[in-house]
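Notes for the one structure printed next.
Numbering (our numbering), first residue to last: -18 to 361.
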C-alpha cells in the first residue's frame, strides 16, 4: 500500500510539472487555436483494469503519455466532416506502463510490461457551450507490448508482441488562452491481436487523461476544401472476399486458415453514412474434430462443418476513401461446439476508386475475436 501511494504521488508530480511546462510555451509565434490548421496535444493518462471484479486484478492500473499532432478539418467542405461534425484528425504516439497490470497464475503475479503505440483518431464534436467543447473520439492503432504468452508462458492475456489498439473517448476542451486549451477525458483502452495468436485475452482499461493542446505555426487563412473523392451517390451492391487466420493454442507458428465472403446491399443516406444488410459466409480449411480435440479446437469459432453462414445488418461510416464498418448478425447455419447463434463483424476499408478497394474485417463472437480477414471489396 505504501508503494502504491508513492507511485501515485510521483505520477501526480510528473503530470503537474508537464502541464506547468507546456503552459509556459505560449508566445506570439504560436497561432490561435480556433484559426490554426495545426496543433500539438500532450496528455498524461491513468487507467484501471476493467476486470477489477476479479480479485486477482482488482488493483491493476496503468499510466502513460499520449502525444499527438492534430489537423484542424472543421473548415473543410467535405460532407463527412459536416455530417459527423468532425473538428480534428489526430496522429499520435502512446506509451503505457503496464507493470501494474498483472495476471496472477498459481499465486505468481506476472506484470504486463510496456506498450508503445501509434494511434489515429477523429474528434467529433457533440456539444459546445460557450467556448467549451465536448468531443467523442474513436481511435485505432497498433502497439508493441513487451510481455506476452511466450515471454511469460504461464499467462493468457497477450498472445503476441504486435497488437491492435482500439480506443473510444469522451473529452472536454477548455480554452485558457487564445492558443492553449486544457483537455480532459475518459476512454476505453483495448489491446489484443484479433486472435492471430492464441490465447489472447487482451488488456482492457477505463482510462482518464488530462493535458494541454497548443496551436503551432502561424495562423493561416482556410481555403475551401472541395470533395476530392468521387463517391457512389445512391444505393449500391457490395461484395468482398478474402482469407485470414486464427492462431492455434500456445503455438507461435501454427494457424487455422479461413476464407470469407460477403454479399449485400448498401442504403445510401449521405456521403458519410450508409445502412447495410447482407450475408456472410466462412469456409474452414480445418474443421473441429472432437476425436482430435487439442489439435483442432478453435474456441467459439469451432465448427463441425466446413461452412458457416449468416445474415447481418449494420452501417458504414465513410471518410472519403476510408470506410469503417460494423454489422451484427445471426447464423443460419453453424454447427459449432458452443451453440453460438450470433456474431458481429467490424472492419476498415480503403477504396482506390469508388468501386474497388481493400478490406480488413475482424469476426467476433461476443467479445472473443474469431479471426481477421484480409482481401478485396467491390461496389456497384
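We treat Cβ as the ideally placed atom computed from N, Cα and C, and that holds for glycine.
Item: In whole angstroms, what separates the C-alpha of residue 140 from that of residue 215?; Value: 43 Å
Item: Could you tell me the alpha carbon to alpha carbon distance between residue 219 and residue 149, rounded to whole angstroms?; Value: 28 Å
Item: Provide the residue(s) that pair with residue 308 in DSSP beta bridges, ordered along the chain.; Value: 295 and 326
Item: Where residue 224 and residue 342 are concerned, what is the direct C-alpha to C-alpha distance, given to the nearest angstrom?; Value: 10 Å
Item: Residues in the same chain with beta-carbon distance under 7 Å from residue 10, minus the five sequence neighbours each way, listed in chain order, please.; Value: Its pLDDT being 39, under 50, residue 10 is placed unreliably by the model, and nothing is read from it.
Item: If contacts are defined as beta-carbon pairs under 8 Å, then residue 122 and residue 176 qualify, I think. What distance do you get, rounded to the angstrom?; Value: Residue 122 to residue 176, Cβ: 18 Å. No contact.
Item: Contact defined as beta carbons within less than 8 Å: I believe residue 257 pairs with residue 295. What is the distance between those atoms, to the nearest angstrom?; Value: 6 Å
Item: For residue 346, is the classification buried or exposed, using 16 other Cβ atoms within 10 angstroms of its Cβ as the cut-off for buried?; Value: buried
Item: Rounding to the nearest angstrom, what Cα-Cα distance links residue 137 and residue 47 in this structure?; Value: 27 Å
Item: Is there a Cβ of chain D sitting closer than 9 Å to that of residue 58, yes or no?; Value: Looking at the structure shown, chain D is missing, and only one protein chain is on hand.
Item: Which residue from 20, 314, 41 and 354 puts its Cα closest to that of residue 188?; Value: 41
Item: From what residue to what residue does the alpha helix (DSSP H) around residue 286 run?; Value: Taken as a continuous stretch (DSSP letters only), residue 286 belongs to no alpha helix (DSSP H), as it is neither H nor E.
Item: With 16 other CB atoms within 10 Å as the buried threshold, where does residue 154 fall?; Value: buried
Item: Using a Cβ-Cβ cutoff of less than 7 Å, which residues in the same chain neighbour residue 55 once the five nearest sequence positions on both sides are dropped?; Value: 68
Item: Is the beta carbon of residue 172 sitting closer than 9 Å to the one on residue 145?; Value: yes
Item: What are the partner residues of residue 128, as DSSP defines its beta bridges?; Value: For residue 128, which the question treats as bridged, DSSP gives no partner whatsoever.
Item: In this structure, how does DSSP classify residue 270 when only helix, strand and coil are distinguished?; Value: coil
Item: Can you name the start and end residues of the beta strand (DSSP E) that residue 151 belongs to?; Value: 143 to 156
Item: What three-state label does DSSP hand residue 332 in the structure shown?; Value: strand
Item: What are the boundary residues of the beta strand (DSSP E) that residue 63 is part of?; Value: Where residue 63 is concerned, there is no enclosing beta strand (DSSP E), although the alpha helix (DSSP H) it sits in stretches over 60 to 65.
Item: Measuring only the C-alpha atoms, how far is residue 86 from residue 275?; Value: 22 Å
Item: What three-state label does DSSP hand residue 214 in the structure shown?; Value: coil
Item: Cα-Cα, which of 165, 322 and 183 is closest to residue 25?; Value: 165
Item: Which class does residue 281 belong to by DSSP, given the choice of helix, strand or coil?; Value: helix
Item: If we call anything under 9 Å between Cβ atoms a contact, is residue 151 one with residue 104?; Value: no
Item: Note the first and the last residue of the continuous beta strand (DSSP E) segment covering residue 104.; Value: 95 to 110
Item: Only counting the same chain, and skipping five residues up and downstream in sequence, which positions put a Cβ closer than 6 Å to that of residue 358?; Value: 221, 330, 338 and 340
Item: So residue 240 and residue 249 are in contact, right, with Cβ under 8 Å, and what is the actual spacing, rounded?; Value: In fact, because the Cβ distance is near 29 Å, the residues do not count as touching under 8 Å.
Item: Work out the CA separation of residue 251 and residue 234 for me, nearest whole Å.; Value: 44 Å
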